[in-house]
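Some notes on the structure that comes next.
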Amino acid sequence: MEQAELATEQQSEYQRGLEKDSQRMGDSMDAISSSELLDLDTISSRLRELTNIQTICNEDFSEIPPLDSEKLLQDCALHLENKVEQIMLELSDVSLLGIQDLDTFMEHMKEELSATEAESAKISDQIEALTNSHVKDCNQLDSDLEALKYSLDFIKSQSLEKVKDNTHVVSTDGEDPLDLISIHRDQRFEILDLENQLEKSKNTLRSLEDLDCEIKRVDAIGLIEDALTGLKVIDFDGTSIRLSLQTYLPKMEYLSRQNVEDIVEPFDVNHELLLEILDGKMEIKNVEIFPNDVYIGDIVDAAKSFRQLFCPLVALETRSPLAWFMRKVQDRIILCTLRQLVVKSANKSRHSFEYLDRDQTIVAHLVVGVDAFIKVSQGWPMSDSGLKLVSLKSTDHHSKDISLSFLCKVEEAANSLDEQMRHSLSNFVDALEKVLVEQKRLENLS
1 MEQAELATEQ QSEYQRGLEK DSQRMGDSMD AISSSELLDL DTISSRLREL TNIQTICNED
61 FSEIPPLDSE KLLQDCALHL ENKVEQIMLE LSDVSLLGIQ DLDTFMEHMK EELSATEAES
121 AKISDQIEAL TNSHVKDCNQ LDSDLEALKY SLDFIKSQSL EKVKDNTHVV STDGEDPLDL
181 ISIHRDQRFE ILDLENQLEK SKNTLRSLED LDCEIKRVDA IGLIEDALTG LKVIDFDGTS
241 IRLSLQTYLP KMEYLSRQNV EDIVEPFDVN HELLLEILDG KMEIKNVEIF PNDVYIGDIV
301 DAAKSFRQLF CPLVALETRS PLAWFMRKVQ DRIILCTLRQ LVVKSANKSR HSFEYLDRDQ
361 TIVAHLVVGV DAFIKVSQGW PMSDSGLKLV SLKSTDHHSK DISLSFLCKV EEAANSLDEQ
421 MRHSLSNFVD ALEKVLVEQK RLENLS
């Protein structure tokens with residue numbers, strides 16, 4: 001509608017100009033042709049300027065100007081620093097929380113992670129839409145510029161020929177000047193049309209520049225989110241996703257009651273996951289983890305039957321089986337790594353230990369010739385819950401097997417120890433050894 005009104009206004013303006021031109025037909029034809037050529041030269045200059053700008057944008061579209069780059073980097077760094085300070089403040093008193101408060105805190109952190117992942121997915125959709133629009137507008141702008149250039153060259157050549165022909169006709173045949181006015185009118189309409197197209201192309205170019213800034217801003221936000229969540233997509237082919245997973249470990253203060261000594265505290269652990277998904281859906285079919293030092297088979301099985309295993313309310317809260325799966329994997333990596341650190345430290349004592357991640361069991365090889373199978377509780381060693389003795393096995397082939405009654409007595413005595421004693425692996429095994437010796441002494445006396 002606006003373009004139609006503009007064209008009508010331009011046509012009216014031209015009609016008024018045409019009447020004035022008719023009154024000035026007594027002037028020389030040289031003055032008219034000179035004015036036309038001047039307008040064409042001005043448009044040509046503006047067209048070359050616009051073409052140069054478009055060429056520069058195409059050649060260096062992906063690079064951020066130095067000033068914008070420095071400002072963007074500063075903004076990203078400030079955002080990341082504020083986010084890290086917020087997380088550190090929230091984590092500073094976590095070690096003082098009880099089990100219930102810790103669970104509430106973990107749920108809060110998971111909700112924040114879910115919100116971040118949802119925002120990341122939304123931003124990814126925006127990037128894709130903006131990119132498609134950018135490509136379409138670039139192609140259209142290139143096409144418009146080519147059409148403008150061709151039309152302008154054609155008008156220039158026709159204008160020169162018509163000026164020569166008209167001059168020759170007037171000087172030789174005395175042709176009616178109204179024919180020259182008609183030619184002049186057509187050329188003015190063409191010039192106005194070209195100016196409109198130039199203005200439209202400039203608007204398109206400004207939109208592309210705004211789009212470029214928006215894409216760079218979104219990319220910077222994506223980099224910050226990757227740094228905070230530790231999750232980055234390496235490859236995706238429609239049926240499989242390769243992910244880089246960086247899991248940040250809590251402070252060693254969580255292991256203060258484990259007598260952990262001379263252990264280098266890792267800041268994070270890195271894994272790669274290869275997820276096979278159902279075609280067209282984000283539902284897990286199979287998962288491989290590299291290195292394969294953490295057992296996640298039970299989590300994979302749960303994710304496969306996510307909607308059947310969990311009630312509709314939980315499904316609505318978690319929204320995505322894939323997001324739920326990644327949170328569970330990171331939780332498992334944290335627990336497994338901390339447990340291995342505790343076992344590694346305990347191996348420096350008189351006994352030797354090994355952790356079976358698949359069974360979530362610690363095998364303690366006692367110096368008295370007995371293997372003790374100790375079940376770790378959920379969340380240990382981060383939680384306050386204690387360890388539990390589940391079985392004993394004699395490693396001395398010359399001695400008789402441990403009787404069921406003896407096992408029951410030792411198990412009852414060991415699991416009756418106070419919670420604080422059973423929370424520390426080394427202290428619990430030392431106490432277990434004393435219980436074994438005492439029960440053997442009592443059995444021999446009887």
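Sequential numbering of the sequence shown, starting at 1, is according to the UniProt record's numbering.
We treat Cβ as the ideally placed atom computed from N, Cα and C, and that holds for glycine.
Owing to the predicted nature of the structure, the values given are computational and were not obtained by experimental measurement.
Classify Ser305: buried if its beta carbon has 16 or more other beta carbons within 10 angstroms, exposed otherwise. Working through the sequence shown from its first residue, we reach residue 305 at position 305. Under this definition Ser305 is an exposed residue.
Using DSSP with H/G/I as helix, E/B as strand and the rest coil, what is Ile374? Walking along the sequence shown from the start, residue 374 turns up at place 374. Three-state DSSP puts Ile374 in a strand.
For Ser44, which residues of its own chain have a beta-carbon under 7 Å away from its beta-carbon, when the five flanking residues on both sides are left out? Taking the first residue of the sequence shown as 1, we reach residue 44 at position 44. Excluding positions up to five away in sequence, the list reads Leu152.
Among the candidates Gln246, Gln420, Ile56 and Ser416, whose CA atom is the shortest distance from the CA of Ile334? Within the sequence shown, numbered from 1, the residue matching residue 334 stands at position 334. Relative to the Cα of Ile334, the nearest Cα in the group Gln246, Gln420, Ile56 and Ser416 belongs to Gln246.
For Leu243, which of helix, strand or coil comes out of DSSP? Start at 1 with the first residue of the sequence shown, and residue 243 comes out as number 243. Strand at Leu243.
Extent of the continuous alpha helix (DSSP H) run through His423: Taking the sequence shown and counting its residues from 1, the one referred to as residue 423 is at position 423. His423 -> alpha helix (DSSP H) spans Glu419 to His423.
Figure out for me which residue from Ile155, Ser320 and Leu249 has the closest Cα to the Cα of Arg188. Position 188 of the sequence shown, counted from the start, is the residue given in the question as residue 188. For Arg188, the closest of Ile155, Ser320 and Leu249 by C-alpha to C-alpha distance is Ile155.
Hey, how far is the Cα of Glu9 from the Cα of Leu231? Walking along the sequence shown from the start, residue 9 turns up at place 9. Walking along the sequence shown from the start, residue 231 turns up at place 231. Reliability of the predicted coordinates at Glu9 is poor, the pLDDT of 49 falling under 50, and no value is obtained from them.
Close-in-space but distant-in-sequence residues of the same chain around Lys149 (CB under 7 Å, 5 per side omitted): Taking the sequence shown and counting its residues from 1, one reaches residue 149 at position 149. Sequence-distant partners of Lys149 (beyond 5 residues in either direction) whose C-beta falls short of 7 Å from its own C-beta, in its chain, are Leu47.
Is Thr395 helix, strand or coil when you go by DSSP? Taking the sequence shown and counting its residues from 1, one reaches residue 395 at position 395. Coil, per DSSP.
Judging by CA-CA distance, which residue of Ala147, Asp301, Asp237 and Leu338 is the nearest neighbour of Pro321? In the sequence shown, the residue the question calls residue 321 occupies position 321. Checked all of Ala147, Asp301, Asp237 and Leu338; the closest Cα to Pro321 is Asp301.
What does a CB cutoff of less than 6 Å around Ala303 pick up in its chain, not counting 5 residues either side in sequence? Taking the sequence shown and counting its residues from 1, one reaches residue 303 at position 303. For Ala303, where only same-chain residues beyond five positions count, the Cβ hits under 6 Å are Ile284, Pro321 and Phe325.
Does the contact criterion of 3 or more C-beta pairs under 8 Å hold for the region 205 to 214 versus the region 107 to 115? Short answer: they don't touch.
Taking the alpha-carbon positions, what's the Leu78 to Phe267 distance? Along the sequence shown, one-based indexing puts residue 78 at 78. Along the sequence shown, one-based indexing puts residue 267 at 267. The straight-line gap from Cα to Cα measures roughly 22 Å.
My output table needs one value for Val410: the three-state DSSP class, helix, strand or coil. In the sequence shown, residue 410 corresponds to position 410, counting from 1. In the structure shown, Val410 adopts helical secondary structure according to DSSP, grouped into three states.
Applying the criterion that 16 or more other CB atoms from any shown protein chain within 10 Å of the CB defines a buried residue, is Leu141 buried or exposed? On the sequence shown, position 141 is the one that residue 141 refers to. With at least 16 other beta carbons inside 10 angstroms of its own, Leu141 counts as buried.
With a CB to CB cut of under 7 Å and the five nearest residues on each side skipped, what residues in its chain are close to Gln296? For this step, residue 296 is matched to residue 296 along the sequence shown. Looking at the sequence shown, residue 296 is not Gln but Ile. The residues are Val287, Ile289, Val329 and Arg332.
Apart from the five residues just before and just after Met109, which ones in its own chain have a Cβ nearer than 6 Å to its Cβ? Position 109 of the sequence shown, counted from the start, is the residue given in the question as residue 109. So no residue of the chain qualifies.
Local Cβ density within 10 Å of Met282, reported as buried at 16 or more and exposed below that: The residue given as residue 282 occupies position 282 in the sequence shown. Met282 should be labelled exposed.
Enumerate in chain order the residues of its own chain whose CB-to-CB distance from Met421 is below 7 Å, with the five nearest sequence positions on each side excluded. Counting from one through the sequence shown, the residue named residue 421 turns up at place 421. Once the five neighbours on either side are set aside, the close Cβ partners of Met421 are Asn427, Phe428 and Ala431.
So what does DSSP say about Glu272, is it helix, strand or coil? As a working mapping, residue 272 is identified with position 272 in the sequence shown. In the three-state scheme derived from DSSP, where H, G and I count as helix and E and B as strand, Glu272 is classed as strand.
Going by DSSP, which residues form a beta bridge with Leu231? For the purposes of this step, residue 231 is taken as residue 231 along the sequence shown, with counting starting at 1. BP columns for Leu231 point to Leu245.
At which residue ranges does the region 328 to 367 contain complete beta strand (DSSP E) runs of 3 or more residues, listed in the order of the chain? Counting only runs of 3 or more, we get 352 to 356 and 361 to 365.
Where Pro250 falls, given that 16 or more other Cβ within 10 Å makes a residue buried: The residue labelled residue 250 in the question sits at position 250 within the sequence shown. Under this definition Pro250 is an exposed residue.
Quick check on Leu78: does DSSP put it in helix, strand or coil? The residue labelled residue 78 in the question sits at position 78 within the sequence shown. Helix at Leu78.
Smallest Cα separation from Asp359: which of Glu199, Asp418, Thr55 and Val390? Position 359 of the sequence shown holds residue 359. The option with the nearest alpha carbon to Asp359 is Val390.
Okay, do the region 341 to 354 and the region 411 to 418 touch, 3+ Cβ pairs below 8 Å being the bar? Segments in contact, no.
Inter-residue Cα distance where the pair is Gln378 and Val363: Working through the sequence shown from its first residue, we reach residue 378 at position 378. Working through the sequence shown from its first residue, we reach residue 363 at position 363. Distance between Gln378 and Val363, taken at the CA atoms: about 17 Å.
Our contact map puts Asp137 next to Ser244 with C-beta atoms below 8 Å; I'd like the distance itself, whole angstroms only. Along the sequence shown, one-based indexing puts residue 137 at 137. Along the sequence shown, one-based indexing puts residue 244 at 244. Asp137 to Ser244, Cβ: 34 Å. No contact.
Could you spell out the range, first to last residue, of the beta strand (DSSP E) harbouring Val300? Taking the first residue of the sequence shown as position 1, residue 300 is located at position 300. Counted as a single uninterrupted DSSP element, the stretch harbouring Val300 is not any beta strand (DSSP E) but the alpha helix (DSSP H) occupying residues Gly297 to Lys304.
DSSP bridge partner residues for Phe290 (one or two, in chain order): To locate residue 290, count along the sequence shown from 1; it is residue 290. The beta-bridge partner set that DSSP reports for Phe290 consists of Glu272.
Tell me the rounded alpha-carbon separation between Gly222 and Glu49. On the sequence shown, position 222 is the one that residue 222 refers to. On the sequence shown, position 49 is the one that residue 49 refers to. Taking the straight line from one Cα to the other gives about 35 Å.
Buried or exposed by the 16-neighbour rule on C-beta atoms within 10 Å, applied to Phe236: In the sequence shown, the residue the question calls residue 236 occupies position 236. Phe236 should be labelled exposed.
Taking all protein chains shown into account, do 16 or more other C-beta atoms lie within 10 angstroms of the C-beta of Leu356, making it buried, or fewer, making it exposed? In the sequence shown, counting from the first residue as 1, residue 356 sits at position 356. Exposed is the call here.
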